[in-house]
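Below is one structure; the comments refer to it alone.
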Amino acid sequence: MDALLIIAAWTGLAALAAWGMQRQAGATAPLAAPFLGGGTPDTHAWQRYHFRPYTMALVFIAFEMEMMFMYPWAVVFVREGAKALAEMGMFLGILSVGLLYGWREGIFRWQ
Amino acid sequence: MSVLLAAGVLVALALGIWLGAWFDRLAPALEGGRAAGPMAPLRDWAALLIRDQAETEAPDRMNRLLAPAWYLALAAIGLSVVPVAEGLALWHSPVGIVVWGSCEALIVITVFLHGWSPNAPFPLIGAYRYAAIGLPVMLPSMFVLIAAALPAESLSLIAIVDSQRDSWNLVRQPLGLPLFLVVGLTLTLRGPLDFAGGVDIAGGTSAEESGAGLFLWQVARLATLVAFSALAAAVFLGGPLGPLLPGPVWLALKTALVMALTVLAGRLIARTTPSRMLHVLWVWLLPLSFAHLAVSGMVAL
Amino acid sequence: MSWLRTLAAGAAAPIYPSIGAGMLAEVEQLFASAPGLRRAASPRDAALLLVAGDIPAEARPALDRLHDQLPHPRRTLAWKAGEPSTQISARLNEAWRDLAHGAPSEPDRLPDEPPNPWRGIGPHGQGGKGMMGGTPRGRPMAMTGADIRDGLELDRYTARVGPFAPMLPPGLTLELTLQGDVIVEAHVLSLPFPQPEEADLPALCAARMLRLLGLEGAADRMTRGHAPRAAWIRGAVPAGLGAWPGAGDARDRLDAWLSGRQEGGAPRDPARALPGLEWHEATLLLASFAPGTLRRALAEAQDLQEIPA
Chain A
1 MDALLIIAAW TGLAALAAWG MQRQAGATAP LAAPFLGGGT PDTHAWQRYH
51 FRPYTMALVF IAFEMEMMFM YPWAVVFVRE GAKALAEMGM FLGILSVGLL
101 YGWREGIFRW Q
Chain B
1 MSVLLAAGVL VALALGIWLG AWFDRLAPAL EGGRAAGPMA PLRDWAALLI
51 RDQAETEAPD RMNRLLAPAW YLALAAIGLS VVPVAEGLAL WHSPVGIVVW
101 GSCEALIVIT VFLHGWSPNA PFPLIGAYRY AAIGLPVMLP SMFVLIAAAL
151 PAESLSLIAI VDSQRDSWNL VRQPLGLPLF LVVGLTLTLR GPLDFAGGVD
201 IAGGTSAEES GAGLFLWQVA RLATLVAFSA LAAAVFLGGP LGPLLPGPVW
251 LALKTALVMA LTVLAGRLIA RTTPSRMLHV LWVWLLPLSF AHLAVSGMVA
301 L
Chain C
1 MSWLRTLAAG AAAPIYPSIG AGMLAEVEQL FASAPGLRRA ASPRDAALLL
51 VAGDIPAEAR PALDRLHDQL PHPRRTLAWK AGEPSTQISA RLNEAWRDLA
101 HGAPSEPDRL PDEPPNPWRG IGPHGQGGKG MMGGTPRGRP MAMTGADIRD
151 GLELDRYTAR VGPFAPMLPP GLTLELTLQG DVIVEAHVLS LPFPQPEEAD
201 LPALCAARML RLLGLEGAAD RMTRGHAPRA AWIRGAVPAG LGAWPGAGDA
251 RDRLDAWLSG RQEGGAPRDP ARALPGLEWH EATLLLASFA PGTLRRALAE
301 AQDLQEIPA
């Protein structure tokens, strides 16, 4: 209940402030044109954008999922002792091999 | 009681925003420039508020209007889980660091929306760049926070503060704060990690922002600086723990210290190209945070 | 809300400089030293348009476009060679105070017409047909093409950038095609404006690169003639970027400037090196040559192209 109330209250307050303060008046065409240092575009900027680090994004998903296992692990870590350390060590070890492989394949850069 | 506490958090946030903005305007003195007085942030904000907010060509109006609001709200939500005194937080979440982690991830999305919504080239480049850098920064952040949760045997920030009675995490886990500063620079769009902005893309995601929209965005960035610094103070510097002075005062002092550190790091470290930063994050920073977790684990046992 | 206006009048004047021939170094010195002036990252954040030096006739339409992109209230000030910087600084401060107190704004210079007529055209009156056809809201949508790095068929975005783009040397206009943030085609439409030799001073050249590396404060310090205080300056520039025989790479040239040496070598046809570079890399490459050197190299390459084979 606390959680819902706090999230709703802060979000509502911020949204109200944003709504109340901003006035996006209809701009004339030359005022609205996108800034290119005096230049002009041929097309709209929205596009099927070539997101260069797309291979990295895939590896990221794998790492992000592993975080899910780490939260409960962190809570029982001291109680379980060396066993927990060894388990997570192995898990991270396997992930590190993947990291090394990715590095060798050159995925952590702009494609 | 909790309404009073909420009002207190709001006032603290507002004061923190002003302090952060002043730090930003004091910093040039370190480089032989002029330091501005404490009124300077208010003057600059007034200068934004008296000017029009220009609409762009065929924008995504709703996201443009609300991106600063989400950013501001996420900062306030993140700040709510930070204990202001021993055993007292606005939001007694048993999973405080998970709440903060979600705020971090949603900030990346918010910054993306901010750059996406004006339908203009430089903001769009900033948006995608920031997404590429913001995602891998989430990983060290989680490793660092989980390492801090180990000795506390809990994901609650109140327990994490409590676990630092004998020695701060800064001492037990010396790599934690420097790694977390990288996260802070990313979340507040600063210096070496400001991939949403930059001169090379004319201010990036806010290149098309003016007037009240730009004001709100700047305020939201500063609010995130306050929230991040308060969280870092709680996780690494014992938060409200300290002799003589009351808890909230200790937390405020430590928060101001982390804010100053973040402002300094943002000014004094160069920003490399996004491609190289991606490499640095995955090949150096991520293994370093693995090592940090392993060492912290051994120390905790 | 007069208290808000009074407060605003005390703020630093937000200025977007459009730099013409001969005034590059002066403008840089002005913003690094004069009190009460702030160089805005884009015209959206500016109230004053500073037109410094002579703007050639062919750059006039671009200046008008830039002028109209400043939100209201706005004002234009011309800074001709010979006017001392203390004087222009005072004029800028005064103009900002006027605007803050409600002085009238300048109207658009260009007609209020969309780039293409679209209202009422198409099945929903949005100016298009189908998903991508026509000119929805006045402009066509980008279309796909094979990428030069990985061959992926994604959209190509073509635009002209400059001559008053903050990340390019003043005067330089490039027609660029981008896929994502990587340049796949680049053509020079206009050369950088000629600047006096003072603009090629090592400290100013280094400061321009520092700005692109996010070190605003260090760049100002360098412009004022002191060594910068910052970490990872050299390392932040990728090794091998913009390497030419006899000229080293961008990192070498920055190194030379930081230690006060004029760089020696010149690039051959630098515009041809842009395709394949990510946007930040491309701006760093162009800033890694002194404005005079870059202008000569770009002019040389244009002369070569004009000679029939």
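Residue numbers (the UniProt record's numbering), protein chains in the order written: chain A, 1 to 111; chain B, 1 to 301; chain C, 1 to 309. C-beta: ideal position from N, C-alpha, C; glycine also. Bear in mind the structure is a predicted one, so any value in this text is a computation, not a measurement.
_Completely contained beta strand (DSSP E) runs for the segment 186-211 of chain C, where each covers 3 or more residues_ = none
*Output the distance between the C-alpha atoms of residue 114 (chain A) and Leu49 (chain B), rounded to the nearest integer angstrom.*
In this structure chain A extends from 1 to 111, so residue 114 (chain A) is not present and cannot be described.
*Examine chain C for any beta-carbon lying closer than 8 Å to the beta-carbon of Asp2 (chain A), and answer yes or no.*
In the first sequence, the residue the question calls residue 2 (chain A) occupies position 2. So, not an interface residue.
*Of all Cβ atoms in chain A, is any one closer than 8 Å to the Cβ of Leu66 (chain C)?*
To locate residue 66 (chain C), count along the third sequence from 1; it is residue 66. Output row for Leu66 (chain C): interface = yes.
_Members of the segment 220-234 of chain C that neighbour chain B once the beta carbon cut-off is set at 7 Å_ = Asp220, Arg221, Arg224, His226, Arg229, Ala230, Ala231, Trp232 and Ile233
_Interfacial residues, the segment 172-203 of chain C to chain B, with Cβ spacing under 9 Å_ = Leu178, Gly180 and Asp181
*asked:* Using a Cβ-Cβ cutoff of less than 6 Å, which residues in the same chain neighbour Ala199 (chain C) once the five nearest sequence positions on both sides are dropped?
replied: As a working note, residue 199 (chain C) is residue 199 in the third sequence. Closer than 6 Å at the Cβ level, and outside the excluded window around Ala199 (chain C), lie Leu24, Ala25 and Pro291.
*What does DSSP give as the partner residues of Asp249 (chain C) in its beta bridges?*
In the third sequence, the residue the question calls residue 249 (chain C) occupies position 249. Answer is none; Asp249 (chain C) lacks a bridge partner.
*Is the Cβ-Cβ distance between Asp45 (chain C) and Pro30 (chain A) less than 8 Å?*
Reading the third sequence from its first residue, position 45 is the one you call residue 45 (chain C). Reading the first sequence from its first residue, position 30 is the one you call residue 30 (chain A). Not closer than 8 Å, so no.
_Given Gly242 (chain B) as reference, the closest of B:Phe195, B:Glu208 and B:Val84 once Cα atoms are compared_ = For the purposes of this step, residue 242 (chain B) is identified with residue 242 of the second sequence, where counting begins at 1. For the residues B:Phe195, B:Glu208 and B:Val84, the minimum Cα distance to Gly242 (chain B) belongs to B:Val84.
*Say whether the segment 178-190 of chain C touches the segment 48-63 of chain A, bearing in mind that this needs 3 or more beta-carbon pairs closer than 8 Å, one atom from each stretch.*
yes
*Curious, which full-length alpha helix (DSSP H) runs of at least 4 residues does the segment 59-103 of chain B contain?*
61-80
*Sort C:Ala219, C:Ala21 and C:Ala203 by Cα distance to Leu210 (chain C) and report the nearest one.*
Locating residue 210 (chain C) in the third sequence gives position 210, where the first residue counts as 1. Ranking C:Ala219, C:Ala21 and C:Ala203 by Cα distance to Leu210 (chain C) puts C:Ala219 first.
*Could you please give me the residues that DSSP links to Pro41 (chain A) through a beta bridge?*
Counting from one through the first sequence, the residue named residue 41 (chain A) turns up at place 41. Pro41 (chain A) pairs with C:Ala159.
*DSSP state of Lys129 (chain C) mapped onto helix, strand, coil*: Within the third sequence, numbered from 1, the residue matching residue 129 (chain C) stands at position 129. The answer is strand: DSSP assigns Lys129 (chain C) an E or B state.
*Cα separation between Asp24 (chain B) and Arg229 (chain C)?*
Against the second sequence, residue 24 (chain B) aligns to sequence position 24. Against the third sequence, residue 229 (chain C) aligns to sequence position 229. Whole-angstrom Cα-Cα distance: 16 Å.
*Quick one: measure Cβ to Cβ for Glu55 (chain B) and Ala32 (chain A), integer angstroms, because I've assumed they're closer than 8 Å.*
For the purposes of this step, residue 55 (chain B) is taken as residue 55 along the second sequence, with counting starting at 1. For the purposes of this step, residue 32 (chain A) is taken as residue 32 along the first sequence, with counting starting at 1. Right, the Cβ-Cβ distance comes to about 6 Å (below 8 Å), so this counts as a contact.
_With the cut-off set at 8 Å, would you say Leu225 (chain B) and Gly37 (chain B) are in Cβ contact?_
Within the second sequence, residue 225 (chain B) is the residue found at index 225, counting from 1. Within the second sequence, residue 37 (chain B) is the residue found at index 37, counting from 1. No, Cβ-Cβ distance for Leu225 (chain B) and Gly37 (chain B) is not below 8 Å.
*For Leu74 (chain B), collect the residues of the same chain with a Cβ closer than 6 Å to its Cβ; drop the 5 residues on either side in sequence, then sort them by chain order.*
Locating residue 74 (chain B) in the second sequence gives position 74, where the first residue counts as 1. Closer than 6 Å at Cβ, skipping near neighbours: Cys103, Leu106 and Ile107.
_Short CB-CB distance (under 8 Å) between Met167 (chain C) and chain D_ = Here the protein chains are A, B and C, and chain D is not one of them.
_Short of 8 Å in beta carbon distance, which residues of its chain neighbour Ile133 (chain B), apart from the five on each side in sequence? Order them along the chain._
Stepping through the second sequence from its first residue, residue 133 (chain B) is reached at position 133. Excluding residues within five positions, the ones whose Cβ falls inside 8 Å are Thr186, Leu193, Phe195, Pro274, Met277, Leu278 and Leu281.
*Does the segment 5-21 of chain A come within contact of the segment 138-151 of chain C, defined as at least 3 CB pairs closer than 8 Å?*
no
*Taking the alpha-carbon positions, what's the Leu189 (chain C) to Leu58 (chain A) distance?*
Translated into the one-based positions of the third sequence, residue 189 (chain C) becomes position 189. Translated into the one-based positions of the first sequence, residue 58 (chain A) becomes position 58. C-alpha separation (whole angstroms): 40 Å.
*Which word fits Tyr101 (chain A), buried or exposed, when buried means at least 16 other C-beta atoms lie within 10 angstroms of its C-beta?*
Within the first sequence, the letter at position 101 stands for residue 101 (chain A). The residue is exposed, with fewer than 16 neighbouring Cβ atoms inside 10 Å.
_Sequence-distant residues of its chain with Cβ nearer than 7 Å to Gly102 (chain C) (five each side left out)_ = Counted from its first residue, the third sequence places residue 102 (chain C) at position 102. If we look at Gly102 (chain C) and ignore the five residues flanking it on each side, its Cβ neighbours are Arg5.
*Does Leu31 (chain A) get closer than 8 Å to chain C when you measure Cβ to Cβ?*
As a working note, residue 31 (chain A) is residue 31 in the first sequence. Cβ-Cβ to chain C under 8 Å: yes for Leu31 (chain A).
*With DSSP as the reference, label Ala309 (chain C) as helix, strand or coil.*
What you label residue 309 (chain C) is simply residue 309 of the third sequence in a count that begins at 1. Per-residue confidence for Ala309 (chain C) stands at a pLDDT of 42, beneath the threshold of 50, marking its modelled position as unreliable; the derived number appears in the next sentence. Of the three classes helix, strand and coil, the one that applies to Ala309 (chain C) here is coil, per DSSP.
*Using a C-beta cutoff of 8 Å, does Ala40 (chain C) count as contacting chain A?*
If you number the third sequence from 1, residue 40 (chain C) lands on position 40. With 8 Å as the cut-off, Ala40 (chain C) does not count as an interface residue toward chain A.
*Please name the residue in B:Pro240, B:Gly238 and B:Ser296 whose C-alpha comes closest to that of Gly176 (chain B).*
By one-based count along the second sequence, residue 176 (chain B) stands at place 176. Taking only the C-alpha atoms, the option nearest Gly176 (chain B) is B:Ser296.
*Nonlocal neighbours in the same chain, by C-beta distance under 7 Å from Ile148 (chain C), ignoring five residues either side*: Along the third sequence, read from residue 1 onward, the residue named residue 148 (chain C) stands at position 148. The residues are Val184, Pro275 and Gly276.
*On the premise that Val51 (chain C) lies in contact with Ala81 (chain C), defined as a C-beta separation below 8 Å, what is that separation, rounded to the nearest angstrom?*
Taking the first residue of the third sequence as 1, we reach residue 81 (chain C) at position 81. Taking the first residue of the third sequence as 1, we reach residue 51 (chain C) at position 51. The pair is not a contact, with the Cβ atoms about 12 Å apart (cut-off 8 Å).
_Beta-carbon within less than 6 Å of Gly238 (chain B)'s beta-carbon, same chain only, minus the 5 sequence neighbours each way: which residues are those?_
The residue you call residue 238 (chain B) lines up with position 238 of the second sequence. Gln164 and Trp168.
*Give a yes or no on whether 8 Å exceeds the smallest Cβ distance from Asn119 (chain B) to chain A.*
Here residue 119 (chain B) is taken as the residue at index 119 of the second sequence, counted from 1. True, the Cβ-Cβ gap to chain A drops below 8 Å.
*Between Pro104 (chain C) and Asp52 (chain B), is the Cβ-Cβ spacing less than 8 Å?*
The residue given as residue 104 (chain C) occupies position 104 in the third sequence. The residue given as residue 52 (chain B) occupies position 52 in the second sequence. No, they are not a contact pair.
*When we look at the beta-carbon of Trp45 (chain B) and count the other beta-carbons within 10 Å, is it buried (16 or more) or exposed?*
To locate residue 45 (chain B), count along the second sequence from 1; it is residue 45. Classification of Trp45 (chain B): buried, given that the 10 Å Cβ count is 16 or more.
*In its own chain, which residues sit with a C-beta less than 6 Å from the C-beta of Ala35 (chain B), not counting the 5 before and 5 after it?*
Locating residue 35 (chain B) in the second sequence gives position 35, where the first residue counts as 1. Result list for Ala35 (chain B): Leu26 and Ala29, in chain order.
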